[in-house]
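With the working numbering applied, the sequence shown corresponds to residues 530 to 811, in that order. The C-beta atom is built at its ideal place from N, Cα and C for all residues, glycine as well. All values derive from a computational prediction rather than experimental measurement. See structure below.
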Amino acid sequence: MPRYGAHAFVWIGEWNTESGNHAIAQAGATGFDFIEIPLLKPAEFDAKSHREALQKAGIGATCSLVLPRDSHMPDQPEKARDFLISAMDKMEELGSTYLGGCIAYSLGTLTGAPPTQAERQTVIDTLKDVAAEARKRGITLALEACNRYETYLYNTLSDTRDTILAVGADNLKLHADTYHMNIEEEGFYTPLVNAADVLDYIHMSESHRGLVGTGTVNWDQVWQGLADANFTGSLVLESFAAINPALAAATCLWRPPNQPPAVLAGEGLAFLKTGAEKYHLS
Numbered sequence: 530m531p532r533y534g535a536h537a538f539v540w541i542g543e544w545n546t547e548s549g550n551h552a553i554a555q556a557g558a559t560g561f562d563f564i565e566i567p568l569l570k571p572a573e574f575d576a577k578s579h580r581e582a583l584q585k586a587g588i589g590a591t592c593s594l595v596l597p598r599d600s601h602m603p604d605q606p607e608k609a610r611d612f613l614i615s616a617m618d619k620m621e622e623l624g625s626t627y628l629g630g631c632i633a634y635s636l637g638t639l640t641g642a643p644p645t646q647a648e649r650q651t652v653i654d655t656l657k658d659v660a661a662e663a664r665k666r667g668i669t670l671a672l673e674a675c676n677r678y679e680t681y682l683y684n685t686l687s688d689t690r691d692t693i694l695a696v697g698a699d700n701l702k703l704h705a706d707t708y709h710m711n712i713e714e715e716g717f718y719t720p721l722v723n724a725a726d727v728l729d730y731i732h733m734s735e736s737h738r739g740l741v742g743t744g745t746v747n748w749d750q751v752w753q754g755l756a757d758a759n760f761t762g763s764l765v766l767e768s769f770a771a772i773n774p775a776l777a778a779a780t781c782l783w784r785p786p787n788q789p790p791a792v793l794a795g796e797g798l799a800f801l802k803t804g805a806e807k808y809h810l811s
């Protein structure tokens, strides 16, 4: 049975102690099982306060991040490792055991060329080390595939799966995202089914990042693919009501959302539950 989560950017554009606790409360009030916390600045993360907010809301938390520009893993593997370790330190204080997102690269870092074998091997070697450290802490990692305009390193589920299998760690999974799939994949069904052995986390995100079900994502293919992949992981609503300037620049989000947070969250959760029930995921 899937768990239902929502990215904090459904409600807020910048994570700090006050706004983060607001998003946690909203996620709980809407009925989500957990909130996905953007752990972009571990040094400023108020884990104690957020842990208390999660307990009050009665929900759990996963975390996601983007490596800083000066810690792009193919170029700076040690800096990348240190950043990920600092994030896991905060996760332990928070009580979270799942870290997904762009854990191997910085968004917006482009070389003007496809990834080289050496670059991917550096990622594989570094993630082996990080996954071993994560295992000691009871943390699962997930590597996300993003579109070509945000990264050159991992664009398809297939390429991302290859690296996950090369790392060979049972606590490293695949993080899919329907927004990115809508750009990069030849349909939704086959890539999801082919990645079934490592897939357990998916951002359910519309083609325009707004209200799910109102864009060009082929949701019937998505749901059928998840059903035939025997997906039992996390379904995570990712709609952006607001976004911080740094991430807006990296993701090229220049327009305001098409609905307010309450609509994105409430109708979004209903959309996820309806699809999961119709395709017998739950």
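When Lys665, Thr655 and Ser768 are compared, the shortest CA-CA separation from threonine 707 is found for Ser768. When C-alpha distances from serine 625 are compared across Ser635, Ala663 and Gly739, the shortest belongs to Ala663. For serine 593, the three-state secondary structure derived from DSSP is strand. A Cβ-Cβ distance of about 13 Å is found for the pair leucine 755 and leucine 703, leaving them out of contact under the 8 Å criterion. Of all alpha-carbon atoms in Glu796, Ala590 and Tyr681, the one lying nearest the alpha-carbon of threonine 645 is that of Tyr681. Threonine 761 is classed as exposed because its beta carbon has fewer than 16 other beta carbons within 10 Å across all chains shown. Taking all protein chains shown into account, lysine 619 has 16 or more neighbouring C-beta atoms within 10 Å of its C-beta and is therefore buried. Considered as a whole, the region 683–747 harbours 686–696, 707–713 and 718–723 as its complete alpha helix (DSSP H) runs of no fewer than 4 residues, in chain order.
Apart from the 5 residues on each side of it in sequence, valine 727 sits with its Cβ closer than 6 Å to the Cβ of Arg690, Ile693, Lys702 and Leu703 in its chain, given in chain order. Alanine 671 carries a strand assignment under DSSP once its states are collapsed to helix, strand and coil. Going by DSSP, serine 548 is part of the alpha helix (DSSP H) stretching over 546–559. Taking a 10 Å sphere around the C-beta of histidine 601, we find 16 or more other C-beta atoms and assign the residue as buried. In the displayed model, histidine 601 falls within coil according to three-state DSSP, outside both helix and strand. Comparing alpha-carbon positions, the option among Trp544, Asn711 and Met617 lying closest to arginine 677 turns out to be Asn711.
Burial state of threonine 780 is buried, judged by a 10 Å Cβ sphere holding 16 or more other Cβ atoms. Distances from the CA of glycine 797 to each of Trp748, Ala777 and Leu782 were compared; the closest alpha carbon is that of Trp748. Distances from the CA of isoleucine 566 to each of Asp757, Cys592, Val792 and Leu764 were compared; the closest alpha carbon is that of Cys592. In its chain, beyond the 5 residues on either side, Thr651 and Thr655 have a beta carbon closer than 7 Å to the beta carbon of proline 606.
Apart from the 5 residues on each side of it in sequence, methionine 530 sits with its Cβ closer than 7 Å to the Cβ of Thr761 and Ser811 in its chain, given in chain order. As summarised for the region 615–664, there are no continuous alpha helix (DSSP H) elements at least 4 residues long confined to that stretch. When the five nearest sequence neighbours on each side are left out, the beta carbons in the same chain lying within less than 7 Å of the beta carbon of proline 597 are those of Phe612 and Ser635, in order along the chain. For phenylalanine 563, the enclosing beta strand (DSSP E) stretches over residues 563–567. At a Cβ-Cβ threshold of 8 Å, valine 765 and histidine 732 count as neighbours. Of the candidates Val741, Ala558 and Glu573, the residue whose Cα lies closest to the Cα of asparagine 545 is Glu573.
Taking C-alpha positions only, glycine 560 is separated from leucine 583 by approximately 13 Å.
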